[in-house]
Amino acid sequence: YLEIYNEQVRDLLNPSPGRTLDLREETRGANTGVTAAGLARQKASSTCEVMEMLQRGNAHRTTEPTRANATSSRSHAILQVFVSRLHANTVSKLSLIDLAGSERALATDARTKRSAEGAAINKSLLALCECINALVQGKKHVPYRNSKLTLLLKDSLNGTCRTAMIANVSPAVASFGESGNTLSWADRAKEIKTSATAPAPVRDRRASEAHDLEPKPVAIPMSVGRSRRT
Numbered sequence: 204y205l206e207i208y209n210e211q212v213r214d215l216l217n218p219s220p221g222r223t224l225d226l227r228e229e230t231r232g233a234n235t236g237v238t239a240a241g242l243a244r245q246k247a248s249s250t251c252e253v254m255e256m257l258q259r260g261n262a263h264r265t266t267e268p269t270r271a272n273a274t275s276s277r278s279h280a281i282l283q284v285f286v287s288r289l290h291a292n293t294v295s296k297l298s299l300i301d302l303a304g305s306e307r308a309l310a311t312d313a314r315t316k317r318s319a320e321g322a323a324i325n326k327s328l329l330a331l332c333e334c335i336n337a338l339v340q341g342k343k344h345v346p347y348r349n350s351k352l353t354l355l356l357k358d359s360l361n362g363t364c365r366t367a368m369i370a371n372v373s374p375a376v377a378s379f380g381e382s383g384n385t386l387s388w389a390d391r392a393k394e395i396k397t398s399a400t401a402p403a404p405v406r407d408r409r410a411s412e413a414h415d416l417e418p419k420p421v422a423i424p425m426s427v428g429r430s431r432r433t
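Residues 204 to 433 in this note's numbering are what the sequence shown spells out, letter by letter.
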């Protein structure tokens with residue numbers, strides 16, 4: 204469970220003051236994709252245990268009061284749940300993302316550091332919007348690297364996955380602009396085409412190496428002829 208605050212990645216299950224995590228891309232094994240190096244992974248065997256970890260991580264998430272919201276999220280949060288099927292030797296990943304909402308500078312407080320946080324939030328959301336537009340338009344290049352948020356969401360937006368977006372809007376007149384933009388953004392995201400397939404079995408590295416060292420049968424050409432009597 205991690206958060207992205209001012210383009211810095213932090214561990215919410217194992218927080219440490221001043222400690223940030225670097226992103227790297229894995230190309231082998233069960234963790235294929237972009238991961239945060241050093242991110243704590245804890246085992247859970249029930250939904251209740253996952254919810255307990257979620258609540259524990261939320262207690263460390265960066266939230267501050269603003270003029271628009273008393274408990275405004277100042278970061279994006281990503282909870283990743285890896286589900287293993289031992290008998291089938293397969294692993295699937297479920298990513299739950301809570302995006303911090305964009306807020307106008309006048310609605311927050313331009314005189315404090317909240318404005319800098321808001322600028323970082325809006326920048327990452329703009330990068331996500333650019334990626335969504337590129338995917339919908341079928342462009343070959345998708346700018347995932349423009350933000351750490353989009354880099355982490357790369358395998359959630361494209362490839363063998365299913366993606367769903369829940370939009371949080373308000374009926375208040377004061378939030379009319381934000382609600383309209385949110386609905387328009389979510390409607391655009393619906394146009395992304397993804398296809399989920401069954402995960403491939405994960406082979407143990409040592410077993411794979413042993414398999415590669417096994418002697419392979421070699422076909423020896425043989426000629427069969429008739430013997431002649433003299």
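From the three backbone atoms N, C-alpha and C, an ideal C-beta is built for every residue, glycine too.
Can you give me the C-alpha to C-alpha distance between residue i and residue j, rounded to a whole angstrom?
i	j	result
residue 298	residue 223	20 Å
residue 244	residue 220	19 Å
residue 256	residue 381	31 Å
residue 228	residue 367	24 Å
residue 411	residue 341	In this prediction, residue 411 has a pLDDT of 46, which is less than 50 and means its spatial position is unreliable; what the coordinates show is noted afterwards. Cα to Cα, the separation comes out at about 37 Å.
residue 348	residue 336	15 Å
residue 389	residue 236	24 Å
residue 226	residue 240	6 Å
residue 211	residue 352	10 Å
residue 214	residue 384	31 Å
residue 296	residue 302	19 Å
residue 218	residue 242	10 Å
residue 248	residue 230	27 Å
residue 409	residue 246	With a pLDDT of 48 at residue 409, under the threshold of 50, the modelled position of that residue is not reliable, and the figure given next carries that caveat. Their backbone Cα atoms lie some 23 Å apart in a straight line.
residue 391	residue 268	30 Å
residue 360	residue 304	19 Å
residue 282	residue 275	19 Å
residue 238	residue 263	20 Å
residue 375	residue 354	34 Å
Would you kindly check if the distance between the Cβ of residue j and the Cβ of residue i is under 8 Å?
i	j	result
residue 265	residue 206	yes
residue 330	residue 350	yes
residue 216	residue 259	yes
residue 339	residue 300	no
residue 363	residue 398	yes
Label residue i either buried or exposed according to how many other C-beta atoms from any shown protein chain fall within 10 Å of its C-beta, with 16 as the threshold for buried.
i	result
residue 280	buried
residue 317	buried
residue 251	exposed
residue 386	exposed
residue 289	exposed
residue 373	exposed
residue 319	exposed
residue 365	exposed
residue 356	buried
residue 377	exposed
Round the Cβ separation of residue i and residue j to the nearest angstrom and send it over; I've been treating them as touching at under 8 Å.
i	j	result
residue 253	residue 284	6 Å
residue 334	residue 345	5 Å
_Any 3 or more C-beta pairs closer than 8 Å across the segment 206-215 and the segment 315-332_ = Yes, they touch.
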